[in-house]
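Novice: If you scroll down you'll find the structure; I have some questions about it.
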Amino acid sequence: MRDLSKDHHWLSINTATVRQQADFVGIVEACARRGIRAVSPWRDQVAHVGLDRAVKAVRDAGLQLSGYCRGGMYTCDAAHKQEMLDDNRRAIDEAAALGAPCLVLVVGGLPQFSRPGSQPSKDIRAAHAQVTDAIGQLLNDAKAAKVPLAVEPLHPMYAADRACVNTLRQALDICDVLDPARSGALGVAIDTFHVWWDADVWEQIDRVGKERMLAFHVCDWLVPMKDMLLDRGMMGDGVIDIPAYRRAVEAQGYKGFVEVELLSNDWWSRPLDEVLDTCIARYQTVV
22 MRDLSKDHHW LSINTATVRQ QADFVGIVEA CARRGIRAVS PWRDQVAHVG LDRAVKAVRD
82 AGLQLSGYCR GGMYTCDAAH KQEMLDDNRR AIDEAAALGA PCLVLVVGGL PQFSRPGSQP
142 SKDIRAAHAQ VTDAIGQLLN DAKAAKVPLA VEPLHPMYAA DRACVNTLRQ ALDICDVLDP
202 ARSGALGVAI DTFHVWWDAD VWEQIDRVGK ERMLAFHVCD WLVPMKDMLL DRGMMGDGVI
262 DIPAYRRAVE AQGYKGFVEV ELLSNDWWSR PLDEVLDTCI ARYQTVV
């Protein structure tokens, strides 16, 4: 396992972590000042400043990307399917323009939540099928743009509204169906917050392989948690054995960035400098 204690060479900041403190350009500049070499932007933050300005900011700062958030929200009724496909093709194009190594997919839950206006459904099996079908339809677009797609399983508490893919096993099953040759065009993003509870995750990490391990995200699980979406913990403040997960993914050959992704009302209330400095310190001591 890599020794991260001496520097923060492989640290990346997911821009959601400080979305309330600065716009995308401000986040990029603050990261560059601290020698943080990579970011992972969210689409709404890029749209806020404009894609061209975002591309220039990343280039001028000499930063890399560890991913782009997010594609997906595939589940919808027939009336919204073309809108969904068009939106995801735009996400692929944006990721390519920014130089992202992958587009992270939050696949969607039930259609009325993923694509508002869709006819309500309680059929989670149909949602699973829609996810596989949509990724299959978009995979050639991603290959043409040279943007791998990273399926991110989310904690089951988000199954209805955000992602019906809730385990690494489910994500890898999709990869096996759509990309059995392991071309590198389709893989997974593993976030400690979403997988730490799953007793099967260790066997599934062994199944990933180097070509499918596209992104690794870290944060912690607080007890108690005040908000199921916006109370993620800074690494070291919760109950997740984060080094164990890093050891497992690096054993598969992963040598990429360790991406800090906090959605937290607490950390959003703190100064930008404090949050980034804490991310660096915890990356070096508890990740």
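Per the working numbering, numbering of the sequence shown is gapless, rising by one per residue and ending at 308. Just so it is clear, CB atoms sit at the ideal spot from N, CA and C, and this is done for glycine as well.
1. In angstroms, rounded to a whole number, what distance separates the CA positions of V216 and L284?
2. So does the segment 193-207 actually touch the segment 146-155, counting three or more Cβ pairs closer than 8 Å?
3. Could you say if the segment 76-90 and the segment 134-144 meet the contact criterion of at least three C-beta pairs nearer than 8 Å?
4. Which residues bound the alpha helix (DSSP H) around D5?
5. Could you say which of D81, L235, G129, D262 lies nearest to D241 if we only look at CA atoms?
6. How far does the beta strand (DSSP E) with E280 in it reach, from first residue to last?
7. Which same chain residues end up closer than 8 Å to C97 when comparing Cβ atoms and leaving out the 5 residues on each side of it in sequence?
8. So for D287, helix, strand or coil by DSSP?
9. Suppose the cutoff is 8 Å on Cβ atoms and the five residues either side in sequence are ignored; what does the same chain contact list for L199 look like?
10. Rounded to a whole number of angstroms, what is the C-alpha to C-alpha distance between A68 and F45?
11. In terms of residues, what are the limits of the beta strand (DSSP E) holding R91?
12. What span of residues does the beta strand (DSSP E) with H29 cover, start to end?
13. Do you know how far the Cα of A99 is from the Cα of E282?
14. Which two residues bound the contiguous beta strand (DSSP E) that contains A59?
15. Considering only their Cβ atoms, is the gap separating A148 from C185 smaller than 8 Å?
16. Could you spell out where the beta strand (DSSP E) holding D182 opens and where it closes?
17. Only counting the same chain, and skipping five residues up and downstream in sequence, which positions put a Cβ closer than 6 Å to that of A269?
18. Report the option in D81, D108, V76, H238 whose CA atom is closest to the CA atom of A117.
19. Which class does M297 belong to by DSSP, given the choice of helix, strand or coil?
20. Let me confirm a value: N286 is counted as buried when at least 16 other C-beta atoms fall within 10 Å, else exposed. Which label applies?
21. Out of C52, Q41, D24, state which residue places its alpha-carbon closest to the alpha-carbon of R291.
22. Going by the beta-carbon positions, is the gap between W288 and T36 smaller than 8 Å?
Specialist: Quick answer:
1. Near 16 Å, if we compare the C-alpha coordinates of L284 and V216.
2. They touch, by the three-pair rule.
3. Flag = no, the segment 76-90 and the segment 134-144 do not touch.
4. This structure leaves residue 5 out entirely; the chain is present only between 22 and 308.
5. Looking at the Cα atoms, D262 is the closest of the given residues.
6. Counted as a single uninterrupted DSSP element, the beta strand (DSSP E) harbouring E280 occupies residues 279-281.
7. Close CB contacts of C97 within its chain, under the 8 Å cut and outside five residues either way in sequence, are with E104, M105, G129, P132, S135, R136, S139, Q151 (chain order).
8. Correct three-state label for D287: helix.
9. So the list reads T153, I156, G157, L160, L207, once near-sequence residues are dropped.
10. Computed Cα separation, rounded: 9 Å.
11. Counting along the chain, the beta strand (DSSP E) containing R91 begins and ends at 89-93.
12. Segment: none, H29 is in no beta strand (DSSP E) and carries neither H nor E.
13. Taking the straight line joining both Cα atoms gives about 33 Å.
14. First-last of the beta strand (DSSP E) with A59: 59-61.
15. A contact, by the Cβ cut-off of 8 Å.
16. Under the DSSP assignment, D182 falls outside any beta strand (DSSP E); it carries neither an H nor an E label.
17. Excluding its 5 nearest sequence neighbours in each direction, A269 has C-beta neighbours in its own chain below 6 Å: I226, listed in chain order.
18. Distance check between A117 and each of D81, D108, V76, H238 places V76 closest, using alpha-carbon atoms only.
19. Here residue 297 is Leu; the residue named in the question, Met, does not match the sequence. If DSSP states are grouped into helix, strand and coil, L297 belongs with the helices.
20. That one is exposed.
21. Comparing Cα-Cα distances from R291 to each of C52, Q41, D24, the minimum goes to Q41.
22. For W288 and T36, no; Cβs fall outside 8 Å.
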